[in-house]
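Engineer: Numbering (the working numbering), first residue to last: 150 to 742. Quick reminder that beta carbons are idealized off the backbone N, C-alpha and C, glycines included.
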Ligand code: DGT
Ligand code: CA
Ligand code: CA
């Protein structure tokens, strides 16, 4: 390593030590060391490393000299690696928020158990940060603003946020007198878990008033492009939005084109060419002859009999492909065989599992959660509060858990709500794969969700074995968020997906689609093959409030992207069938009773 790289490591060490609350002298020694090193010529550093005389430089002690030498010669430093691994990565990320230094981060970590930017945002929203000594309302405001900016100018956006931003714009466009048709397109329409920018498409004969309306939308912060048939803006939330305007007869072709994906479009164009046609945003026109696709579309016509996407696909001998499947992953071949699955729909979801109450880290009581589920028209609701090892989430011990089970049984018996409640637990998978509760406790529940909440830094092999051991527990009903990822915040831990999915299928264990917009885990890319091999899916909002029960819609989007049908979902089954499923599971666990 050269001196600049070494200095960066020393500065990192200083920050990490400060986050850990180390003695300020020690922290300063590293920061000073970094500055001194940068002032020394490279040759002198090299010479002193080989002569072992670095410690003679004023301000560089014995210990520091050794670490610099190790970095200089090997490019690595075990002390640094260990230090880095000893802190949640979320803490270091918090340093990127303006106004949040190591001292404050240490305070929120220790006093509020906040270990990620997401948790910090939640704590600020609840006013818990302002209440800390040395913080106050102003600081809390500033932190929230910093988090918002960081998200906004980051490259991508959560699908749920993008969707919430786009909905009123789309409704506004549709309400304009000049607009004949309006749709969103791009990754938002394809239900990608994250979205780069919003794409809107409008059919109109009179584009100018529509462009004017769009660039004056109250959330517009900056107009980045404005023309006769298109406009681009940046919204206050930081997300960018493109509007394209086309004459009505071009709408369906443009909609298909701008929905994408690029891969899907490329394959569709090849298919069109093989039939002597040229397919583009302009239309479907004969491939031969002179002129561009645009000129041909305008002069020779673009097949005006095509007015819907269904007709466009049909013109190429295909079943209509839902936008969620247009990823260029074999959907065209299957559509040719007319064998596309009948994708699950939100209205087919009969209930949801894996939800929290105030007993652990939820914000609404059991009764409030059930009332919320009933208002959504759900037939059943699964409660699964944290287990005792999740101390930071106020996990329930055996006594509290059994009391909750009794309360749930009583609530069901009272028939106060039309929604049936299943008693469960989100049981920690301990680092060695054992579960946080003994069998005789688990036996008293309706269902058991198992989840990793600790020792995230285990390697791929260890983590895979840990998950499989938990799956093999006969009381396990379903596996929660298999990778622990937080979209746009932290990648999941590495696991061998094939082996985990195989184990789940072999043991009749369900895997959830965690429908929290930050998680969407297990990812849609795994579902098609896994479900074909027999894996059953449960849509679990992981709701910590009544409002979050509605997250299940994001879960349905993932299920649809994963080619799933109603039959492949536990949460689309009628109550009686779910009961039967759980009863059979328990029988397997206790064959004697
Ligand atoms: P994003 O915004 O990064 O989340 O992803 P998309 O898919 O929304 O991409 P975007 O906004 O750049 O463009 C929207 C659609 O327009 C895209 O899915 C396919 C189509 N498109 C854009 N540029 C091209 C291109 O160069 N070739 C092809 N075949 N299609 C394109
Ligand atoms: Ca886009
Ligand atoms: Ca775009």
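Taking the alpha-carbon of residue 660 as reference, which of 666, 676 and 446 has the nearest alpha-carbon?
Structural biologist: The candidate whose alpha carbon is nearest that of residue 660 is 676.
Engineer: Residue 283 to residue 254, Cα distance in whole Å?
Structural biologist: Those two C-alpha atoms are separated by around 12 Å.
Engineer: Keeping to the same chain, check which residues put their C-beta closer than 6 Å to that of residue 497; ignore five residues upstream and five downstream.
Structural biologist: Same-chain partners within the cutoff: 715 and 721.
Engineer: Return the chain-ordered ranges of every beta strand (DSSP E) run that is complete within the stretch 457-530 and spans a minimum of 3 residues.
Structural biologist: Complete beta strand (DSSP E) runs here, min 3: 500-504.
Engineer: Within a Cβ cutoff of 6 Å, which residues of the same chain sit near residue 270, ignoring the five residues on either side of it in sequence?
Structural biologist: Excluding positions up to five away in sequence, the list reads 296.
Engineer: Along the chain, where does the alpha helix (DSSP H) containing residue 663 start, and where does it finish?
Structural biologist: Counting along the chain, residue 663 falls outside any alpha helix (DSSP H), though it belongs to the beta strand (DSSP E) covering 659-663.
Engineer: With 16 other CB atoms within 10 Å as the buried threshold, where does residue 491 fall?
Structural biologist: Its Cβ having fewer than 16 others within 10 Å, residue 491 is exposed.
Engineer: Would you check if the distance between the CB atom of residue 339 and the CB atom of residue 410 is smaller than 9 Å?
Structural biologist: Taking 9 Å as the Cβ cut-off, residue 339 and residue 410 qualify as a contacting pair.
Engineer: Grab me the residues of residue 654's own chain with a C-beta within less than 7 Å of its C-beta, minus the 5 sequence neighbours each way, in chain order.
Structural biologist: Taken in chain order, the residues that qualify are 682, 683 and 684.
Engineer: Which residues are close to ligand 2, meaning CB closer than 6 Å to any heavy atom, in chain order?
Structural biologist: Taking each Cβ in turn, the ones that pass are 335, 336, 345, 346 and 348.
Engineer: With 16 other CB atoms within 10 Å as the buried threshold, where does residue 633 fall?
Structural biologist: The residue in question, residue 633, is buried, as its Cβ has 16 or more Cβ neighbours within 10 Å.
Engineer: My assumption, with CB atoms under 8 Å, is that residue 393 sits in contact with residue 350. Please give the rounded CB distance.
Structural biologist: Indeed, because the Cβ distance is near 5 Å, the residues count as touching under 8 Å.
Engineer: Would a check of beta-carbon distances place residue 461 closer than 9 Å to chain B?
Structural biologist: The structure shown contains no chain B; it is built from a single protein chain.
Engineer: Which of the three DSSP states, helix, strand or coil, is assigned to residue 172?
Structural biologist: Coil.
Engineer: Taking the alpha-carbon of residue 248 as reference, which of 596, 210 and 288 has the nearest alpha-carbon?
Structural biologist: Measuring from the Cα of residue 248, the nearest candidate turns out to be 288.
Engineer: Quick check on the DSSP output: the alpha helix (DSSP H) that includes residue 246 runs from which residue to which?
Structural biologist: Residue 246 -> no alpha helix (DSSP H), and no H or E assigned at all.
Engineer: Starting from residue 599, trace the beta strand (DSSP E) both ways and give me its first and last residue.
Structural biologist: Segment 596-600, the beta strand (DSSP E) holding residue 599.
Engineer: Given that a residue counts as buried once 16 or more other Cβ atoms are within 10 Å of its Cβ, and exposed if not, what is residue 536?
Structural biologist: Answer is buried; the Cβ neighbour count reaches 16.
Engineer: Among 153, 181, 176 and 168, which one has its Cα closest to the Cα of residue 191?
Structural biologist: With distances taken between Cα atoms, residue 191 lies closest to 153.
Engineer: Quick check on the DSSP output: what are the complete beta strand (DSSP E) runs of length 3 or more inside the stretch 336-392, in order along the chain?
Structural biologist: DSSP runs (the beta strand (DSSP E)) wholly in the stretch 336-392: 347-353, 369-375 and 379-384.
Engineer: With residue 244 and residue 314 assumed to form a contact (beta carbons below 8 Å), what rounded beta-carbon distance in angstroms separates them?
Structural biologist: Between residue 314 and residue 244 the Cβ distance is about 28 Å, and since that is not below 8 Å, they are no contact.
Engineer: To the nearest whole angstrom, what separates the beta carbons of residue 401 and residue 456, a pair I think is in contact under 8 Å?
Structural biologist: Sure, about 6 Å apart at Cβ, within 8 Å.
Engineer: Is any non-hydrogen atom of ligand 3 found closer than 8 Å to the C-beta of residue 391, if you look at the structure I gave you?
Structural biologist: Residue 391: yes, Cβ under 8 Å from ligand 3.
Engineer: Suppose contacts are defined by Cβ-Cβ distances below 9 Å. Is residue 624 in contact with residue 584 by that definition?
Structural biologist: Cβ distance < 9 Å, so residue 624 and residue 584 count as in contact.
Engineer: What residues in its chain sit with their C-beta under 7 Å from that of residue 267, if we drop five residues either side in the sequence?
Structural biologist: So the qualifying residues of the chain are 635, 638 and 667.
Engineer: So what does residue 576 bridge to, in DSSP terms?
Structural biologist: Per DSSP, 599.
Engineer: How far does the alpha helix (DSSP H) with residue 561 in it extend, from its first residue to its last?
Structural biologist: Per DSSP, residue 561 belongs to the alpha helix (DSSP H) from 547-563.
Engineer: Alpha carbon to alpha carbon, how far is residue 446 from residue 452?
Structural biologist: Distance between the alpha carbons of residue 446 and residue 452 is about 8 Å.
Engineer: Does the Cβ of residue 477 lie closer than 8 Å to at least one heavy atom of ligand 1?
Structural biologist: No - ligand 1 has no heavy atom lying nearer than 8 Å to the Cβ of residue 477.
Engineer: How big is the Cα-Cα spacing for residue 346 and residue 387?
Structural biologist: Spanning the two alpha carbons is a distance of roughly 10 Å.
Engineer: Say the cut is 8 Å; is the CB of residue 773 nearer than that to a heavy atom of ligand 1?
Structural biologist: Residue 773 is absent from the structure shown; the chain starts at 150 and stops at 742.
Engineer: Can you check DSSP and say which residues form a bridge with residue 639?
Structural biologist: According to DSSP, residue 639 bridges with 635.
Engineer: Between the beta-carbon of residue 577 and the beta-carbon of residue 531, is there less than 9 Å?
Structural biologist: No, these two residues do not count as a Cβ contact at 9 Å.
Engineer: Is the stretch 410-427 in contact with the stretch 472-484, if contact means three or more CB pairs nearer than 8 Å?
Structural biologist: Touching, per the Cβ criterion.
Engineer: Measure the alpha-carbon distance for residue 549 versus residue 708 and round it to whole angstroms.
Structural biologist: Between residue 549 and residue 708, the C-alpha separation is close to 34 Å.
Engineer: Give every residue of the same chain whose Cβ lies closer than 8 Å to the Cβ of residue 573, excluding the five residues on either side of it in the sequence, and list them in chain order.
Structural biologist: These residues qualify, in order along the chain: 502, 503, 531, 532, 533, 594, 595, 596, 597, 598 and 626.
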